[in-house]
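Engineer: Take a look at the following structure, please.
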Amino acid sequence: MRLDKYLKVSRIIKRRTVANEACSGGRVTLNGKVVKPGAEVKVGDKMSIRFGDKYGHYEILSIQETVRKDDASAMYRILEEDKEVAAERN
31 MRLDKYLKVS
41 RIIKRRTVAN
51 EACSGGRVTL
61 NGKVVKPGAE
71 VKVGDKMSIR
81 FGDKYGHYEI
91 LSIQETVRKD
101 DASAMYRILE
111 EDKEVAAERN
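First residue of the sequence shown: 31, per our numbering; consecutive thereafter.
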């Protein structure tokens with residue numbers, strides 16, 4: 031699955047256009063490398079996202095084309111996340 035779509039489906043980022051902009055702007059890394067929106071994600075990948083001067087670090091646990099809002103958080107595990115980042119996602 032494309033990274034920008036994964037970010038939207040998992041609801042780490044609420045809109046795909048915002049996810050696309052974050053990736054294009056160099057604010058998203060996958061396994062330690064800055065990636066573009068079309069990068070393919072796999073289970074087990076580690077992802078970091080910069081939200082302003084805050085960071086969120088996640089591990090991808092599952093990939094699904096569609097998921098209910100209540101089940102979206104099961105698609106990833108939070109490795110580390112600033113409190114402000116958590117508040118922005120919710």
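We put the CB at the ideal spot given by N, CA and C, even for glycine. From a predicted model like this one, the values you see are computed outputs, not experimental measurements.
Going by DSSP, which residues form a beta bridge with Lys66?
Structural biologist: On the sequence shown, position 36 is the one that residue 66 refers to. Looking at the DSSP assignment, Lys66 forms no beta bridge with any residue, so it has no partner.
Engineer: Work out the CA separation of Val48 and Met105 for me, nearest whole Å.
Structural biologist: Reading the sequence shown from its first residue, position 75 is the one you call residue 105. Reading the sequence shown from its first residue, position 18 is the one you call residue 48. Approximately 19 Å, taken between the alpha carbons.
Engineer: I need the DSSP call for Lys72, collapsed to helix, strand or coil.
Structural biologist: Reading the sequence shown from its first residue, position 42 is the one you call residue 72. Looking at Lys72 - three-state DSSP - the assignment turns out to be coil, as it is neither helix nor strand.
Engineer: Out of Lys76, Ser92 and Arg57, point me to the one whose CA is closest to Glu110's CA.
Structural biologist: To locate residue 110, count along the sequence shown from 1; it is residue 80. Nearest of Lys76, Ser92 and Arg57 to Glu110, Cα basis: Lys76.
Engineer: From which residue to which residue does the beta strand (DSSP E) around Lys38 run?
Structural biologist: Stepping through the sequence shown from its first residue, residue 38 is reached at position 8. Taken as a continuous stretch (DSSP letters only), Lys38 belongs to no beta strand (DSSP E), being part of the alpha helix (DSSP H) at Leu33 to Val39.
Engineer: Thinking just about the alpha-carbon of each residue, which of Phe81, Tyr36, Ser103 and Asp112 is nearest to the one in Ala69?
Structural biologist: Counting from one through the sequence shown, the residue named residue 69 turns up at place 39. Out of Phe81, Tyr36, Ser103 and Asp112, Tyr36 has the C-alpha closest to the C-alpha of Ala69.
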